[in-house]
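Novice: Numbering (the numbering used here), first residue to last: 65 to 532. C-beta: ideal position from N, C-alpha, C; glycine also.
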């Protein structure tokens, strides 16, 4: 499998550190509100990467954190008059629900920053001992120029960064040795959560959290570190600096970053009124449609979110689901017999499509091309498979498409609609219940049918019904 490595800006053959195991670290959300549609893209993309690696037989250790101590969380807590932990726990639960609705697999570990403070303090102490960090008035800074490779991921020149920074005067930065030094530990402010440390009560800097959590739950070296491209600088650049300075080994072998999501061609922003949470979108579209939409473009390509494009994705997904429904119906009436020579030749075509699908996924997780292959399979299934085929043939086609969709996290099992004959039988039972003055049962039947989208109308001519 080839992966585009942000560090080298080239596609590289993926070779894990351990032959059968893969460690993936994906930066998770800061939990002060419902997660937004932009958060969904890395969640879906790297969940799909994980699913493909599992399909290939790897044992995947997938770690994605929750940042549960942050200025935004503290601000929200103060506004609501509750503790920061109440805010973070509430929105961790909500984030997990949204992820489940997007069919994102639960991470192997979802570490929380507040539960890893002792290890963060230990890493800061190591950096100070090695001369990579220093303390001033309770704040500990990373000495950026002490790390020779700073800027290697983002391709930023440290002298250019300093030149640009001279124009920006930030309160409190005069205590730094260098404008480019960044915070590892910050002192407590009144009303904020804090933890004891050798430098006084305080809390960790954001960049430090991921370095410590990835080290604890994966190891000193990560196979794949992933996230949105907005994290390349400064977050991932700072992670590399502090981790490699502390551990004296390469931090991550491969870096993967997804491109931005825009809304109707504009950057998502509350001020523009185009800021949508996953909950907002879920009220308008099934979240399976959103997942399918996100994977219909290559993860490194900018993606534009609009009603027109999502409606198109919805129609495309329905084509797949309808084809699967047809195959399921064919399975129910097909007979068990030996496959003919022609049917075996047909199965060979479907097996060739699996090879083509895998080639797309092996090429830097090209889900757009993989979906195109699924459509080719659907087209062939629609034109060539019916209940006249041998049951084993239909079953293999059905199972193959299901498996390939499952790698993408697309659920193909469609709930079967209630049959007309079953509706008529329930209506007759309801009429009998009413005649027997068993109104509770009659109401129960009406509610059962309504739950399945069947509306009843009592008329002089009898009961009429329609599908909603």
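(1) If you drop the 5 nearest sequence neighbours on each side, which residues of the same chain put their C-beta closer than 7 angstroms to that of residue 400?
(2) Could you check which residue in 204, 221, 496 and 414 has the C-alpha nearest to that of residue 187?
(3) Residue 105 to residue 527, Cα distance in whole Å?
(4) By Cβ distance, which residues of its chain are closer than 6 angstroms to residue 88, with the 5 residues on each side in sequence left out?
(5) To the nearest angstrom, report how far apart residue 231 and residue 72 are at their CA atoms.
(6) Considering only C-alpha positions, which residue in the set 524, 415, 426 and 285 is nearest to residue 460?
(7) Select from 169, 178 and 170 the residue whose C-alpha is nearest the C-alpha of residue 152.
(8) Report the partner residues of residue 520 according to the DSSP bridge assignment.
(9) Kindly give me the distance between the Cβ atoms of residue 332 and residue 100, rounded to whole angstroms, as I take these residues to be in contact under 8 angstroms.
(10) Using alpha carbons as the reference points, say which of 86, 67, 85 and 109 lies closest to residue 473.
(11) Three or more beta-carbon pairs under 8 angstroms between the stretch 513–520 and the stretch 486–497, yes or no?
(12) Residue 292 to residue 92, Cα distance in whole Å?
(13) Measuring CB to CB, does residue 301 end up less than 8 angstroms from residue 421?
(14) If we count the other Cβ atoms within 10 Å of its Cβ and call it buried at 16 or more, is residue 407 buried or exposed?
(15) Report the residue ranges of all alpha helix (DSSP H) runs contained in full by the stretch 428–496; include only those spanning at least 4 residues, in chain order.
(16) Confirm, please, whether the CB-CB distance from residue 95 to residue 159 is below 8 angstroms.
(17) Under 8 angstroms: do the stretch 442–455 and the stretch 384–396 share three or more Cβ pairs, one atom per stretch?
(18) With a cut-off of 8 angstroms on the beta carbons, I'd call residue 322 and residue 330 a contact; round off their distance for me.
(19) Across which residues does DSSP place residue 321 in a beta bridge pair?
(20) Looking at the secondary structure, which residues open and close the alpha helix (DSSP H) in which residue 561 lies?
(21) Quick check on residue 312: does DSSP put it in helix, strand or coil?
(22) Work out the CA separation of residue 206 and residue 242 for me, nearest whole Å.
(23) Label residue 523 either buried or exposed according to how many other C-beta atoms from any shown protein chain fall within 10 Å of its C-beta, with 16 as the threshold for buried.
(24) Please identify the residue among 341, 212, 427 and 299 whose C-alpha is closest to the C-alpha of residue 166.
(25) Please classify residue 396 as buried or exposed, where buried requires at least 16 neighbouring CB atoms within 10 angstroms.
(26) Return the Cβ separation of residue 296 and residue 315 in integer angstroms, given the expectation that the two are a contact with Cβ distance under 8 angstroms.
(27) Touch check for the stretch 301–310 and the stretch 192–203: three-plus C-beta pairs under 8 angstroms?
(28) Kindly provide the ranges of any alpha helix (DSSP H) runs that are 4 or more residues long and lie completely inside the stretch 170–206, ordered along the chain.
(29) Using DSSP bridges, identify the partner residues of residue 282.
(30) Looking at C-beta atoms only, is the number of pairs between the stretch 347–367 and the stretch 119–133 that lie closer than 8 angstroms three or more?
(31) With DSSP run on the structure shown, which of helix, strand or coil describes residue 587?
(32) What residues in its chain sit with their C-beta under 6 angstroms from that of residue 134, if we drop five residues either side in the sequence?
(33) CA-CA distance, residue 235 and residue 469?
(34) According to the neighbour-count rule (16 or more other Cβ atoms, all chains shown, within 10 Å of its Cβ), is residue 536 buried or exposed?
(35) According to DSSP, simplified to helix, strand and coil, what is residue 503?
(36) Give the range of the beta strand (DSSP E) segment to which residue 76 is assigned.
Specialist: A quick look at the data gives this:
(1) So the list reads 455, once near-sequence residues are dropped.
(2) The candidate whose alpha carbon is nearest that of residue 187 is 204.
(3) Each residue's alpha carbon lies about 48 angstroms from the other.
(4) Sequence-distant partners of residue 88 (beyond 5 residues in either direction) whose C-beta falls short of 6 angstroms from its own C-beta, in its chain, are 126 and 288.
(5) Its pLDDT being 46, under 50, residue 231 is placed unreliably in this model, and the value from its coordinates should be taken loosely. For residue 231 and residue 72, the distance between alpha carbons rounds to 31 angstroms.
(6) Measuring from the Cα of residue 460, the nearest candidate turns out to be 415.
(7) Minimum Cα distance to residue 152 is reached at 178.
(8) Under DSSP, residue 520 takes part in a beta bridge, and its partners are 529.
(9) Confirmed, Cβ separation roughly 7 angstroms.
(10) Residue nearest to residue 473 within the set 86, 67, 85 and 109 is 109 (criterion: CA-CA distance).
(11) With the cut-off at 8 angstroms, the stretch 513–520 and the stretch 486–497 touch.
(12) Distance between the alpha carbons of residue 292 and residue 92 is about 10 angstroms.
(13) Contact flag unset, no.
(14) It is buried - the Cβ of residue 407 has at least 16 other Cβ atoms within 10 Å.
(15) Within the stretch 428–496, the complete alpha helix (DSSP H) runs of at least 4 residues fall at 431–448 and 455–471.
(16) Pairing residue 159 with residue 95 gives a Cβ-Cβ distance under 8 angstroms.
(17) Yes, the stretch 442–455 is in contact with the stretch 384–396.
(18) Here residue 322 is actually not in contact with residue 330; their C-beta atoms are around 18 angstroms apart, not less than 8 angstroms.
(19) Beta-bridge partners of residue 321 (DSSP): 291.
(20) Here the chain comprises residues numbered 65 to 532, so residue 561 is not present and cannot be evaluated.
(21) Residue state, collapsed to three classes: coil.
(22) Using only the alpha carbons, I get a separation of about 10 angstroms.
(23) By the neighbour-count rule (16 or more Cβ atoms within 10 Å), residue 523 is not buried but exposed.
(24) Nearest of 341, 212, 427 and 299 to residue 166, Cα basis: 341.
(25) Classification of residue 396: exposed, given that the 10 Å Cβ count is below 16.
(26) Rounded, the Cβ-Cβ distance is 14 angstroms, inconsistent with contact.
(27) Touching, per the Cβ criterion.
(28) DSSP runs (the alpha helix (DSSP H)) wholly in the stretch 170–206: 181–193.
(29) BP columns for residue 282 are empty, so no partner.
(30) Too few Cβ pairs lie closer than 8 angstroms, so no.
(31) With the chain running from 65 to 532 in the structure shown, residue 587 is simply not present.
(32) Within the same chain, residue 134 has close Cβ partners 94.
(33) Note that residue 235 has pLDDT 49, beneath the 50 cutoff, so the model's placement of it is unreliable and the number below is only indicative. Roughly 52 angstroms separates the two Cα atoms.
(34) Examination of residue 536 is not possible in this model, given that the chain is present from 65 through 532 alone.
(35) Residue state for residue 503 is assigned as helix, using DSSP reduced to three classes.
(36) It spans 74–77 - the beta strand (DSSP E) in which residue 76 sits, taken as one unbroken run.
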